[in-house]
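Worksheet for the structure shown next.
Protein chains: 2
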Amino acid sequence: MRPTVHDIAAQAGVSLATVDRVLNRRPGVKAATRLRVEAAIAAIGFVRDMAAANLAKSRVYPFTFILPGGDNSFMRGLERHVREAVVRPASDRVAISLVVVPPFDGAAVARALDAAIAQEPAGIAVVAVDAPDVMDAALRVQASGIPLVTLVSDLGPACRDHFAGIDNHAAGRTAGSLMRRFVGREASETAKVAVLAGSMLVRDHRDRLDGFKSALSGTCTLLPVLEGQDDPAATERLIADLLAQHSDLAGIYSLGAGNRGLIAALRRHLGPRPRAIIAHELTLHTRAALEADLIDAVLNQDAGHEVRSAIRVLKAKADGIPAVDAQERIRIDIFLKDNLPFADEADGNALRPFGLASGEN
Amino acid sequence: MRPTVHDIAAQAGVSLATVDRVLNRRPGVKAATRLRVEAAIAAIGFVRDMAAANLAKSRVYPFTFILPGGDNSFMRGLERHVREAVVRPASDRVAISLVVVPPFDGAAVARALDAAIAQEPAGIAVVAVDAPDVMDAALRVQASGIPLVTLVSDLGPACRDHFAGIDNHAAGRTAGSLMRRFVGREASETAKVAVLAGSMLVRDHRDRLDGFKSALSGTCTLLPVLEGQDDPAATERLIADLLAQHSDLAGIYSLGAGNRGLIAALRRHLGPRPRAIIAHELTLHTRAALEADLIDAVLNQDAGHEVRSAIRVLKAKADGIPAVDAQERIRIDIFLKDNLPFADEADGNALRPFGLASGEN
DNA sequence: GAAATCTTGATGTACGTAAATCAGAAATTC
DNA sequence: GAATTTCTGATTTACGTACATCAAGATTTC
């Protein structure tokens, strides 16, 4: 049996009340006594039962999550993970309210942030849009003393307490390394590689492109970046034109959303496809494309990890404990056809048993 | 505030005792009443507070973990994660005793299993050695009604309740796919690829080799498999000889331990190294080799995930709840130089704050 | 030496659930 | 209709911690 507060009291020869005062840093304990108690704690190796402590405190952490709406598969998966966290009771004592705003609408995000401030939550997590009014709203959040975490898409260190997402420059480099190797050395310098982005206005996409370029660094010829604006039909046309014009295209890097259009164009395309197609985010679509050999690799950020990490960080901030950033670094997953995880782990289409949280990683 | 058992009782118009009987599947409740209570649970969206439940149960699950000793970096990382679970109090109520046995010693593993049986734990996890006496001991464990989980290395479905490890055939296929693409198409058929194994007597290694071959399927010429027997010096000589004899070697797949010898040989080697070097398990050594461009890719299984998964499964078995296998599937991570996680996440050389579990993913 | 302050002990309630006990009520059997 | 059996209610204790209150002892202050 693990030692309890009673054991500390016995060991230190003090009362339970005194142990409690020491443990919870309450005043009214002589320095000498405090040392005795702390020695006893160390001696018997006491660790506070957080579950019991939280139960006794019956403290709840009201958090607000702000996500973009729309039909982006990744965002919908993210939303599912947030909803899962909403109903998960596991010693978390977290009460999450979820706000969905129109996608790519900075003003809407800013309004949602201001509305959240009024609710006085213990923390806010937001999928940010890189716009001035959002940054202003973020500064207002911080000014009101509410911890703020950006999710997936960052705003820069000045506007938030923590970023729960991947290092997008590293993701771009990873894509570049894969591209370089998949394309092969022989034709490398003359090999044409295209990049498909949603919009260069989003910070993540810019970072990925920078990383991609730096990893490729002169081994390939980069065509001008195509911007699909997250519109499947437009993206499909762009890619179809691209394939028609460059029959010798060596690779495509799709660094944002818009995979549906890309995949549709590839599926329709006759003749040999480029040697290397690399995309982001494992969804039903990219998964199917991987399995059908339409795509070669998918880089992924685990939405579930990001949500749980955001919650952990917010809780730590709310308690005034510094978050251990190294622990909260989100990994960049690489998936080939061969190492695909089960569908229900990757995206949000399978239900879990009632009241059970997912297997934590 | 979240609804509690009291709210269910009020809503269903029954007593607390009856709610408890329904919740904990105790007998003595009429079918009709049970339905009423379940309807009330669904109606008010009750979810059991697991922290409080575990506290009240004050149940502990004594588990025994049996790991191989030796200086294998991966196994030491695994041991660290087990030790971490030992001191983790978080609502787990798990009491783990850790047994370290000599590596590659089937008899020792069998003895440890029998010794564990005598302790009557609620479950046993073992890094199995694929030997007849181990299988016999495993069967004795099962005969005594103790749930058994194999960790990292399997024994086959007949001898255990669950395997907490990666699909090694899939891992081999993944390595094969990467190899094929890294080597390039032009020289493919004549490209020579070597495989380095610890010993073909271990099941995991055989599975990986099979998967590797199937993914390569005639696109490369496979040299005879080298067996380094986990001896760094011997492995280094093998690789040095290999590099000397085949100056046109296109790739090396190191499918087991012995990476230290491989890396040492590569570091000493003068002249161009093979285009593609792929190894298993992210350790300090493979990490450093990746960063130094001595290795191109590392496949990894997350030891922390495996340990936590094993604990979850053992607990579920102990409670008579069927484990949800899909949730417990361990992923095959691919790491390039560019998407390396922080050092202390990958292997076991950084200490975590006292009493804090790792981020779970 | 009396008053004020600081320190400690003793005790009780609370959190949400588990589990046990005992007493009735209802349904079933003969 | 009496004797069983099955079901349900009421109540209590416990888990490990937090937190508040009151009393009393120890120490300091003037």
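Chains as they are written, first to last, in the working numbering: chain A, 1 to 361; chain B, 1001 to 1361. All C-beta atoms, glycine included, are put in the ideal place defined by N, C-alpha and C. Please read these numbers as outputs of a predicted model, since none were measured by experiment.
Query	Result
For residue 91 of chain A, three-class secondary structure by DSSP	Since pLDDT at residue 91 of chain A reaches only 46, below the 50 mark, its modelled position is unreliable, and no value is offered.
Limits of the beta strand (DSSP E) - the one that residue 1252 of chain B falls within	1249-1254
Within 8 Å of chain A by C-beta, residues of the region 1147-1174 of chain B in sequence order	1170, 1171, 1173 and 1174
Backbone secondary structure at residue 270 of chain A - three-state DSSP	coil
Under the three-state DSSP convention, the category residue 1217 of chain B falls into	coil
Close Cβ partners of residue 4 of chain A (< 6 Å) along its chain, the five nearest in sequence each way excluded	none
Host alpha helix (DSSP H) of residue 1054 of chain B (start-end)	1050-1057
Which of helix, strand or coil DSSP assigns to residue 1311 of chain B	helix
Any C-beta of chain B under 7 Å from that of residue 104 of chain A	no
Closer than 7 Å to chain A by CB, residue 1338 of chain B	yes
Proximity test, Cβ basis, 7 Å: residue 1138 of chain B and chain A	no
7 Å Cβ cutoff met for residue 1278 of chain B and residue 1175 of chain B	yes
Buried versus exposed, by CB contacts within 10 Å (16 or more), residue 78 of chain A	buried
7 Å Cβ cutoff met for residue 402 of chain A and residue 139 of chain A	Outside the displayed span of chain A (1 to 361) sits residue 402 of chain A, for which this structure offers no information.
Which of helix, strand or coil DSSP assigns to residue 300 of chain A	strand
Per-residue burial, residue 1245 of chain B [other beta carbons within 10 Å of its own, 16 or more giving buried]	exposed
Buried or exposed by the 16-neighbour rule on C-beta atoms within 10 Å, applied to residue 1058 of chain B	exposed
Buried or exposed by the 16-neighbour rule on C-beta atoms within 10 Å, applied to residue 1227 of chain B	buried
Beta-carbon proximity check, residue 365 of chain A vs residue 313 of chain A, cutoff 7 Å	Missing from the structure shown is residue 365 of chain A; chain A here goes from 1 to 361 and no further.
Proximity to residue 305 of chain A [Cα-Cα], best of A:230, A:146, A:178 and A:84	A:84
Test: residue 51 of chain A CB closer than 7 Å to a CB of chain B	yes
Extent of the continuous alpha helix (DSSP H) to which residue 7 of chain A belongs	5-12
Within-7 Å CB hit, residue 91 of chain A to chain B	With a pLDDT of 46 at residue 91 of chain A, under the threshold of 50, the predicted position of this residue should be treated as unreliable, though the coordinate-derived value follows. Closer than 7 Å: yes.
Beta-carbon proximity check, residue 103 of chain A vs residue 317 of chain A, cutoff 7 Å	no
Own chain partners of residue 1365 of chain B with C-beta closer than 7 Å, once the 5 adjacent residues on each side are dropped	Nothing about residue 1365 of chain B can be read from this structure; chain B reaches only from 1001 to 1361.
Cβ distance (whole Å) where residue 330 of chain A is taken to contact residue 164 of chain A below 8 Å	7 Å
Secondary structure of residue 1338 of chain B, DSSP reduced to three states	helix
Residues that residue 1063 of chain B bridges to, as DSSP identifies them	B:1096 and B:1123
Cβ-Cβ distance between residue 118 of chain A and residue 66 of chain A below 7 Å	no
Min CB distance residue 62 of chain A to chain B below 7 Å	no
Alpha-carbon spacing of residue 1008 of chain B relative to residue 98 of chain A, whole angstroms	26 Å
Under 7 Å from the C-beta of residue 54 of chain A: neighbouring residues of chain B	1051
Per-residue burial, residue 30 of chain A [other beta carbons within 10 Å of its own, 16 or more giving buried]	exposed
Proximal chain B residues relative to residue 334 of chain A, where beta-carbon distance stays under 7 Å	1334 and 1339
Contact between the region 1025-1043 of chain B and the region 1281-1288 of chain B (3+ Cβ pairs under 8 Å)	no
Meets three-Cβ-pair contact criterion under 8 Å: the region 209-217 of chain A and the region 127-138 of chain A	no
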